[in-house]
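Peer 1: The structure is given below, and queries will be raised subsequently.
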Amino acid sequence: METMEQEPRIGVYICHCGINIAATVDVEKVTQVAADLPGVVVSRDYAYMCSDPGQALIKQDIREHGLNRVVVASCSPRMHEPTFRAAAQQEGVNPYQVEMANIREQCSWVHKDEQEATDKAEALVASAVAKARRLQALQEREVDVTPAVVVIGGGIAGMTAALDVADTGMPAYLVEKEDHLGGRVADLNRTFPTLESAPDLAESLVARVEEHPNITVLLNSQVSSVDGYVGNFEVAVRGDENQDGGGSADRSIEAGAVIIATGYDVFDPDRKPEFGYSDYPNVITSLEMEERLAEGDLTVEGRQPERVAFIQCVGSRDIQLGNPHCSRVCCMYTAKQSRLVREQLPDAEVTVFFIDVRTFGKGAEEFYDEARSKGVRYRRGNVSEIYRKPGDPERVVLVAEDTLLGEPIDFEADLVVLAVGMEPRDSAGELSQLLKVPRSADGFFLEAHPKLRPVDTAMEGIFLAGCCQGPKDIPDTVSQAKAAASSALIPLVRGSVPVESATAVVNEELCAGCAMCVDVCPYDAPALDSLWGVSRINAVLCKGCGACAVTCPSKAIRLQHFTAEQVLAQVDALVD
Amino acid sequence: MALKTAKMAEQLELFGCIQCGKCTGGCPVARKTTLNIRNLIYHMLVDSEMDTGAHEELWDCTACFTCVERCPKDVQPAELVIALRGDLVEAGRVPETVGTALMSVFRQGNPNSMARQDRELWAEGMEDSLERAKKAAKEGCDTLYFVGCTPSYDQRVQRVARALMRTFENSGLDVGVLGTDESCCGNEVRRMGEIGLFEMLVEEGGETLRSVGARQMVTTSPHCFNTFKNEYGLDEMEILHYTQLIAHLIEEGGLTFDGSVASEDGEEKVVTYHDPCFLGKQNQIFDEPRAILEAIPGVKLVEMDRNRERSLCCEGGGGRMWVEGTNLEERLAFQRVEEAADTGADVLAVACPFCLLTLEDAVKVRGLDEQLQVVDIMELVDLALEDADASPAGDSEEEE
Chain A
1 METMEQEPRI
11 GVYICHCGIN
21 IAATVDVEKV
31 TQVAADLPGV
41 VVSRDYAYMC
51 SDPGQALIKQ
61 DIREHGLNRV
71 VVASCSPRMH
81 EPTFRAAAQQ
91 EGVNPYQVEM
101 ANIREQCSWV
111 HKDEQEATDK
121 AEALVASAVA
131 KARRLQALQE
141 REVDVTPAVV
151 VIGGGIAGMT
161 AALDVADTGM
171 PAYLVEKEDH
181 LGGRVADLNR
191 TFPTLESAPD
201 LAESLVARVE
211 EHPNITVLLN
221 SQVSSVDGYV
231 GNFEVAVRGD
241 ENQDGGGSAD
251 RSIEAGAVII
261 ATGYDVFDPD
271 RKPEFGYSDY
281 PNVITSLEME
291 ERLAEGDLTV
301 EGRQPERVAF
311 IQCVGSRDIQ
321 LGNPHCSRVC
331 CMYTAKQSRL
341 VREQLPDAEV
351 TVFFIDVRTF
361 GKGAEEFYDE
371 ARSKGVRYRR
381 GNVSEIYRKP
391 GDPERVVLVA
401 EDTLLGEPID
411 FEADLVVLAV
421 GMEPRDSAGE
431 LSQLLKVPRS
441 ADGFFLEAHP
451 KLRPVDTAME
461 GIFLAGCCQG
471 PKDIPDTVSQ
481 AKAAASSALI
491 PLVRGSVPVE
501 SATAVVNEEL
511 CAGCAMCVDV
521 CPYDAPALDS
531 LWGVSRINAV
541 LCKGCGACAV
551 TCPSKAIRLQ
561 HFTAEQVLAQ
571 VDALVD
Chain B
577 MALKTAKMAE
587 QLELFGCIQC
597 GKCTGGCPVA
607 RKTTLNIRNL
617 IYHMLVDSEM
627 DTGAHEELWD
637 CTACFTCVER
647 CPKDVQPAEL
657 VIALRGDLVE
667 AGRVPETVGT
677 ALMSVFRQGN
687 PNSMARQDRE
697 LWAEGMEDSL
707 ERAKKAAKEG
717 CDTLYFVGCT
727 PSYDQRVQRV
737 ARALMRTFEN
747 SGLDVGVLGT
757 DESCCGNEVR
767 RMGEIGLFEM
777 LVEEGGETLR
787 SVGARQMVTT
797 SPHCFNTFKN
807 EYGLDEMEIL
817 HYTQLIAHLI
827 EEGGLTFDGS
837 VASEDGEEKV
847 VTYHDPCFLG
857 KQNQIFDEPR
867 AILEAIPGVK
877 LVEMDRNRER
887 SLCCEGGGGR
897 MWVEGTNLEE
907 RLAFQRVEEA
917 ADTGADVLAV
927 ACPFCLLTLE
937 DAVKVRGLDE
947 QLQVVDIMEL
957 VDLALEDADA
967 SPAGDSEEEE
């Protein structure tokens, strides 16, 4: 819907972003130049436009100067476009008549020369003003939602999220690829820092999930496709009927939201061949150590170890391996395991080789203190290699530098535990494509904003819980799962969702019915009306990406809010 | 006259270092000398100047690059050693033997203080082959064989070059050599810190190599292979170490063994293989040498505990062929040949001229020569091929 054309009355607001912009861009000059642009009624600069006083400034100007367009020159619109749109809307300006110029990421942060940066900022502002003059008001629209949530992954994150959803009375579908629920926590021995039984923890959740009337558990099942949009997804699940017992059939589920809780892969220590993991029975992973501790058997080929060594950061913090991240749990589980070894084998010498010890969780530093007070020795140095002790095939030698002594050491051990880290799931790439949810450089799923939207994704209605988003311990996983459930429930409780108004529309007079728009659309929004021989775009499915508009050979498709006229005016302003 | 650290630290991206000690921990010479590369990096980061002349241990580094391979932060510790040596080279403060080797490369195209015109000495007894191969290189050939300095001049290693040449001809390869036009590749020159000379070798040598127009070039030494492959920018030809080419020939059926290296009463030779640093750790060529050995009739391959990525450096690289280092008593080669002997092997096989010389020397010093023979893989190949000809011309007799 387009409102009546009004004479543009534009307010321009140049943000300093503290010194982020103001240190490189002469904001006052940009403000002055903007004041003389056609249609501009008022032009101001301010320290932080996104702050409450900054927004108040805009609102006040709208009232006092009768503004009907707002241009904010600040950061990326990904950050604060919703903020400024909301502020303008409160004063009766259509949110689609707010335009942003990115003079931070695309200007002050990437240029050093003040003159050049200022010139560029002026051009970007002029370009935004040129577009603002041609902006049209668009109607915001709402659609009804399906009150159900699909949770992918039946580990501790997925179970927690499904339970929170189900406890509101809404149906939750829990899709698990294995033949049982519980995930990795079920394979652990005890938790840190409280030394509770991990399997008991998982079991208590499994029992609640299985008993819950609102949860449908789909075992041996994987999501094979996801169509639709926030509020109305259609999730296809591929079952495996050949499985004994818990086999399940293919099915399609309608849901308003999806929560990804697919967890992590464990680092394969054979990718660090210097540790000889496959060569020596005395070199084991921390997960194998969990099993041994649970069984109370620490013997290596029948012998009780006298010297036990732990190596931290195996497969983590390693750029060469493509795992730059810290796995966040290894320091603590090593403190736990080393302490339990001290308890089980009081005569054994237990040494932890570390680079840095990171104990940020609640009670974590205290637990680390306790491990040391129980006689666990901490030596600083990243073990470089392990080989068999010459003349004593039952022992291995850890080759390292004790960096605090500044001396290379050959450290003998009977049992070596590699503190293997977490990696993104092997299948994360496939799921990422399926759900159109991007991943960060480390391969884990990418949250919409690292601070403000930690469980949201770039795809509205799809949320993240647990280690699929990045390594975390059980408390953080559960917190995030509860947050994801709560966020997923927002549109469901509301009953409807706003949909993008900046969609593509077809001028049927011009449309030749060639269907090229149907081919290029990633969201299946256009469809050919076979009776009339023209394309029609489902505005609910359209994300406003513009692929159809640029493809259409008859120029019959117009992308609202990014019309040819608007974009060309922007370009003209830039090259002037 | 101390080195200003800031610029070098920035150029080498030392600021990524987290001082974890993986480099020094795995450094084979750190255990026997005062070389501590982690500590040197730390000084580069926290001090404004460094007196490089006070660090005699810089010449202990063998450029095995274990530190580079393992650094979790992708800092390249060995490159700091090279840069610091460079500072010493610039100031003319290098050990005399290093200076001699560098001067010899500059004047004669080899670090061995031998005359350029004697570079074809390796081909003694196979002059016809040499002439054919030189002609092929001039007229354009498919495979260029880069012999290398040590195989050209060192009498022990010359046998490896001859074995290679014979095998190439037997396999019907269209192979060429440069003869006296061949010059030092500069791999060790760069690692001794003489960057200017290295750049000159790359420029002049690269031009000579390109002018042949060969599809592939094969080297005797992993050291030449390394620099040609990774530092010369020779994109127009495939660079191979001979183990890759021979393994490929065997796999494709272009090389079949009619003979055997077993003793006359049919007893297999127990062979263990030592991975050269420049072939294994630095270029991940672990399987091809083993594939060749396993294909040779009469070879029973056994592994040392420290193999592949954990192979112990023989201490012959990074210019160490021309400088003794600070601890003459404890040589890594001694340790290595004892590890080899512990496997019960009769033969310690290598695929590198420097490894061949250092390990053979160590076997003699340790009195293991009755028990353990050090040979290049090519010598075993040659033996298993030559046996079939029933005309052991040349080398096997010469070895007596």
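Residue numbers (this note's numbering), protein chains in the order written: chain A, 1 to 576; chain B, 577 to 976.
Note that CB positions come from ideal geometry on N, CA and C, so glycine has one too.
(1) Looking at the C-beta of B/Asn859, does it have a partner C-beta in chain A at a distance below 8 Å?
(2) CA-CA distance, B/Arg646 and B/Lys598?
(3) Within 8 Å of any Cβ in chain A, is that where the Cβ of B/Asn612 sits?
(4) Could you check what DSSP says for A/Ser197 in three-state terms: helix, strand or coil?
(5) Ignore the nearest five residues each way along the sequence and tell me which others in A/Cys542's own chain have a CB closer than 6 Å to its CB.
(6) Based on Cα-Cα distance, which residue from A/Asn20, A/Val33, A/Ile14 lies nearest to A/Met100?
(7) Please classify B/Val847 as buried or exposed, where buried requires at least 16 neighbouring CB atoms within 10 angstroms.
(8) Using beta carbons (cut-off 8 Å, strictly below), is B/Gly601 in contact with chain A?
(9) Go ahead and pull the three-state DSSP assignment for B/Thr848.
(10) What residue from A/Ala441, A/Ile156, A/Ala458, A/Gly239 has the CA that sits closest to A/Ile319's CA?
(11) Assuming B/Met793 is part of the beta strand (DSSP E), what are its boundary residues?
(12) Consider the C-beta atom of A/Pro305 and the heavy atoms of the ligand NAD; say whether any pair is separated by less than 7 Å.
(13) Buried or exposed: A/Pro147, going by 16 or more other Cβ atoms within 10 Å of its Cβ?
(14) Chain A beta carbons: is any one of them nearer than 8 Å to that of B/Ala606?
(15) Can you find a CB in chain A that lies within less than 8 Å of the CB of B/Pro648?
(16) Excluding the 5 residues preceding and the 5 following A/Val396 in the sequence, name in chain order all residues of the same chain whose CB lies nearer than 7 Å to its CB.
(17) Identify every run of the beta strand (DSSP E) within the region 431-495 of chain A, keeping only runs that are complete inside it and at least 3 residues long; order them along the chain.
(18) Do you know offhand how far A/Ala481's Cα is from A/Ala249's?
(19) Which bits of chain B does A/Ser384 rub up against, with CB to CB less than 7 Å?
(20) Buried or exposed: where does A/Arg346 fall if 16 or more other Cβ atoms within 10 Å of its Cβ makes it buried?
(21) Determine the extent of the beta strand (DSSP E) in which A/Glu140 is found, giving its start and end residues.
(22) Between which two residues does the alpha helix (DSSP H) carrying B/Arg866 extend?
(23) Hey, is A/Pro408's beta-carbon within less than 8 Å of any beta-carbon in chain B?
(24) Should B/Glu885 be flagged as near chain A, meaning a C-beta pair shorter than 8 Å?
(25) Can you give the Cα-Cα distance for A/Glu295 and A/Ser204, rounded to whole angstroms?
(26) Contact criterion: CB-CB distance below 8 Å. Does A/Ala400 meet it with respect to chain B?
(27) Could one say the Cβ of B/Arg882 lies closer than 8 Å to chain A's Cβ atoms, at least one of them?
(28) Any idea if B/Ala966 is buried or exposed, counting beta-carbon neighbours within 10 angstroms, 16 or more meaning buried?
(29) Which chain A residues are close to B/Asn615, counting only those with a beta carbon under 8 Å from its beta carbon?
(30) Is B/Phe722 near B/Asn802, with beta carbons less than 8 Å apart?
(31) Quick one: is B/Ile826 near chain A, going by C-beta distance under 8 Å?
(32) Helix, strand or coil for B/Ala964 per DSSP?
(33) Quick one: does A/Arg184 have its CB under 8 Å from some CB of chain B?
(34) Under 7 Å between beta-carbons, which chain B residues line up against A/Asp318? List them in chain order, please.
(35) By the DSSP assignment, the beta strand (DSSP E) with A/Gly11 in it spans what residues?
(36) List the residues of chain A whose Cβ lies closer than 7 Å to the Cβ of B/Ile594, in chain order.
Peer 2: On the basis of the coordinates in this document:
(1) For B/Asn859, the answer is no, since every Cβ of chain A falls outside 8 Å of its Cβ.
(2) Each residue's alpha carbon lies about 7 Å from the other.
(3) So, interface residue.
(4) Here DSSP, grouped into helix, strand and coil, assigns A/Ser197 to strand.
(5) Around A/Cys542: Thr503, Ala504, Ala525.
(6) It is A/Ile14 whose Cα lies nearest to the Cα of A/Met100.
(7) Buried: at least 16 other Cβ atoms inside 10 Å.
(8) Interface residue, yes.
(9) In the structure shown, B/Thr848 sits in a strand (DSSP, three-state: E or B).
(10) The residue with the shortest Cα to Cα distance from A/Ile319 is A/Ala441.
(11) Taken as a continuous stretch (DSSP letters only), the beta strand (DSSP E) holding B/Met793 covers 792-795.
(12) Among the components modelled here there is no ligand, and therefore nothing to report on the ligand NAD.
(13) That one is buried.
(14) At least one C-beta of chain A is nearer than 8 Å to the C-beta of B/Ala606.
(15) True, the Cβ-Cβ gap to chain A drops below 8 Å.
(16) Only Tyr280, Asn282, Val283, Ile386, Tyr387, Arg388, Lys389, Ala413, Val416 meet the Cβ criterion.
(17) Taking only runs of at least 3 residues, the beta strand (DSSP E) segments lying wholly in the region 431-495 of chain A are 462-464.
(18) Near 27 Å, if we compare the C-alpha coordinates of A/Ala249 and A/Ala481.
(19) Under the 7 Å cutoff, chain B gives Lys598, Gly601, Gly602, Arg646.
(20) Rather than Arg, the amino acid found at residue 346 of chain A in this sequence is Pro. By the Cβ neighbour-count rule, A/Pro346 is exposed, with fewer than 16 other Cβ atoms within 10 Å of its own.
(21) Neither: A/Glu140 is in no beta strand (DSSP E) and is coded neither H nor E.
(22) Counted as a single uninterrupted DSSP element, the alpha helix (DSSP H) harbouring B/Arg866 occupies residues 863-871.
(23) Yes, A/Pro408 counts as interfacial toward chain B.
(24) Cβ-Cβ to chain A under 8 Å: yes for B/Glu885.
(25) A/Glu295 and A/Ser204 have their C-alpha atoms spaced approximately 21 Å apart.
(26) Chain B contact via Cβ: present.
(27) Yes, B/Arg882 counts as interfacial toward chain A.
(28) Low local confidence applies: a pLDDT of 43 at B/Ala966 is under 50, so the model's placement there is unreliable, with the coordinate-based value given in what follows. Exposed, by the Cβ-count rule.
(29) In chain order: Gly406.
(30) No. Outside cutoff.
(31) It does not: the Cβ of B/Ile826 has no partner Cβ on chain A nearer than 8 Å.
(32) Annotation note: pLDDT 46 at B/Ala964 (below 50); position unreliable, coordinate value reported separately. Three-state result, B/Ala964: helix.
(33) The C-beta of A/Arg184 comes no closer than 8 Å to any C-beta of chain B.
(34) By Cβ distance, chain B contributes Pro648.
(35) First-last of the beta strand (DSSP E) with A/Gly11: 10-15.
(36) Taking the beta carbon of B/Ile594 as reference, the chain A residues within 7 Å of it are Ile355, listed in sequence order.
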